[in-house]
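For the sequence shown, UniProt numbering begins at 1 and goes up steadily by one.
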Amino acid sequence: MNKILVLYRRDLRMMDHPALAAAAKDGRVICGYIKKQTLTSAHDFWTLRHVNQLKKDLNQEGLTLLMGEKSLIEQVKTWCTDYEIDAVYVNRSYLHDEITLEEELIAALKKINVDVHRFVGDVLSKPGSILTNKGEYYKVFTPFYKALRQSSILRPTPKPETYHGIKVKQGQFSVDEPAWFKKIVDKSPPGEQAAMMRLESFCEDYLSGYSHARDRPALEETSRLSVYLSIGAISPRIIYQRVMAENTLPAHVDEEKEAFIRQLMWRDFSYQQLYQHPKAETEAMRKEFDYFKWLNDEDAIDRWKKGQTGYPLIDAGMRELYETGYMHNRVRMVVASFLVKHLLVDWRIGLHYFSETLIDHDRQNNALGWQWVMGSGFDASPYFRIFNPITQAEKFDPDGSYIKRYVPELSKLEGRDLFRPFEAKVETLTKAGVTLGKDYPLPLVDHKKARQRALERYQDVKGKS
Ligand code: FAD
């Protein structure tokens, strides 16, 4: 029987894992994972928790997970030689730097007579497969979503019943997790089983109210599956199949399902967009935005990161991120818009900060999220749509419970005073125990003036290419 190495990357699961399923059919299997050389971000440490869980899950099925620390090509070549591997099976990536690495790996292994087989892993549709009638990529989400809905969405690959494992000594793999990380992930157990349970509880408890919860950060009733999707502990195809499973539900539930699936399809759209625009993590997709004159004021950036801007919704969001490694989508949009438009800070600084702090960090979704907010993506919020951080709070956190949870120094303020403490009467603030500038900061910028300044900056670059 052929000896096959299944190379794990951002697909840390056993179900709907085409590379593992094909390997189980074609020969004897051993699995490998290569650890990043330096771990810095919340997502890096989160990933390793899953790797450890995956190792236990694979062991239960008689499979070994090798842990490597060398560079990709060197490590895979070493394994292939040490264990006399005939072929490497891997779920392909859709990020161009990773695709280049895959191609280099294929070339390097060819020289030692090892084949590489690639499979379609973590998407509902292969990037490049959903095209317009003219054979072009979709630039705008809604038509992409409609076309994807009408296409035959990839089905989950069934899990093999048995595996023929290659037994070798499995090394130890321990990581010193920093205290800040241990604190933020308390709520989220790692692993595929935990991801499946999250999906199940979301479908049972929250799916029927999704379209409302989707805009209410205080509710914590969106699926929170991003933390599992980001490392591939669950596949979008399994989510899609589970959510669409029962078609006999009342019409309003069907609408809720559709609202959820539509969001899930934004993920495929991001993957497609970055596949088509490999530089979208570093360059504006609409070129005029690369001429933008940023202020990049260090103090302002620091206050944004620490949740000390003086705008309660922004501060709640940034503190939620710092304390939990997660932030509700509505608030991600508002804090990102505040950074790039109110503070005139380069979107790449925000993108980098999110990549370091989000446990659900996903390169495609993060890049597209920032390009959307900035207005520089092809299907983006227009630049002149500048979120007002006060009215956004009034609309989406009407009783202020999200703000109070993360900005407790304002918890005795209510209504208008909570959303705009800088306009509250001194007596009201005193009664609530708040001295502005001492217990809670004065606003970093004036909303109206900042809005005007942002619009003027845009006029300087509009139409440039
Ligand atoms: P749900 O509302 O339950 O949605 C289910 C799934 O659909 C999500 O898990 C996600 O995979 C997908 N999805 C939902 N909304 C979006 C969206 N707007 N774009 C793409 N996919 C979406 N998402 C990440 O997974 N990682 C990131 O690094 C990331 N960075 C972002 C940065 C900015 C500036 C913005 C505005 C958005 C970003 N998003 C990112 C998208 C979105 O905020 C999260 O996917 C969502 O908040 C995750 O929570 P959930 O799983 O409860 O979502």
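Glycine included, each C-beta is placed from N, C-alpha and C at the ideal position.
It is roughly 11 Å from the alpha-carbon of Ile166 to the alpha-carbon of Val6. Distance from the C-beta of His361 to the nearest heavy atom of the ligand FAD is below 7 Å.
For Lys305 and Arg348, the gap between their C-alpha atoms comes out near 14 Å. By a beta-carbon distance limit of 8 Å, Ser355 contacts Ser41. Their separation comes to about 6 Å. Residue range 27 to 34 is occupied by the beta strand (DSSP E) that includes Cys31.
By the Cβ neighbour-count rule, Ala179 is exposed, with fewer than 16 other Cβ atoms within 10 Å of its own. Arg224 has its CB nearer than 7 Å to a heavy atom of the ligand FAD.
Between the stretch 94 to 111 and the stretch 27 to 42 there are fewer than three inter-stretch CB-CB distances shorter than 8 Å, so the stretches are not counted as touching. Bounds of the alpha helix (DSSP H) holding Asp57 are 42 to 60. Proximity to Tyr271 across Ser125, Gly317, Met244 peaks at Ser125, based on C-alpha coordinates.
Asp346: not part of any alpha helix (DSSP H); DSSP gives it neither H nor E. Around Ile153, the same chain offers Leu124, Ser125, Arg237, Tyr240 as residues with beta carbons nearer than 8 Å, after the five sequence neighbours per side are excluded.
With a cutoff of 8 Å on beta-carbon distance, Asp315 and Val407 are scored as near each other. Where Ile73 is concerned, the enclosing alpha helix (DSSP H) starts and stops at 72 to 82. Under DSSP, Arg118 takes part in a beta bridge, and its partners are Val90. Per DSSP, reduced to three states, the secondary structure at Val6 is strand. Take the alpha-carbon of Gly307 and the one of Met318: they are about 5 Å apart.
Taking 4 residues as the minimum length, the alpha helix (DSSP H) runs contained wholly in the stretch 172 to 237 are 179 to 184, 192 to 201, 210 to 213, 226 to 229, in order along the chain. With a cutoff of 8 Å on beta-carbon distance, Met15 and Pro156 are scored as near each other. Between the ligand FAD and the CB of His328, the shortest heavy atom gap is smaller than 7 Å. Secondary structure at Tyr440: strand, using DSSP grouped into helix, strand and coil. Approximately 4 Å separates the beta-carbon atoms of Leu313 and Ala393; this is inside 8 Å, confirming the contact. From the listed residues Thr430, Ala300, Thr357, the smallest Cα separation to Pro443 is found for Ala300.
Its chain contains Trp372, Val373, Gly375 as the residues whose beta carbon lies nearer than 7 Å to that of Ser381, once the 5 sequence neighbours on both sides are disregarded; these appear in chain order. For Gln263, the shortest C-beta to heavy atom distance toward the ligand FAD is below 7 Å.
Here Ala245 is exposed, its C-beta having fewer than 16 other C-beta atoms within 10 Å. The alpha carbon of Ser223 has as its nearest neighbour, out of Ala454, Asp57, Leu351, Gln263, the alpha carbon of Gln263. Taken from the Cβ of Asn2, every heavy atom of the ligand FAD lies 7 Å or farther away. With the rule of 3 Cβ pairs closer than 8 Å, the stretch 323 to 330 counts as touching the stretch 207 to 222.
The Cβ neighbour count for Asp417, taken over all protein chains shown within 10 Å, is at least 16; the residue is labelled buried. A distance below 8 Å separates the beta carbons of Ile403 and Asp397.
Note on geometry: alpha-carbon atoms of Ser93 and Asp57 lie some 23 Å from one another. Counting only residues of its own chain and dropping the five nearest sequence neighbours on each side, His117 has a CB closer than 8 Å to the CB of Ala19, Ala22, Ala87, Val88, Tyr89, Val90. Residue range 65 to 68 is occupied by the beta strand (DSSP E) that includes Leu66. Comparing alpha-carbon positions, the option among Leu54, Gln172, Asp439, Ala24 lying closest to Gln193 turns out to be Leu54. Annotation: Arg9 to Asp290 spans about 33 Å, alpha carbon to alpha carbon.
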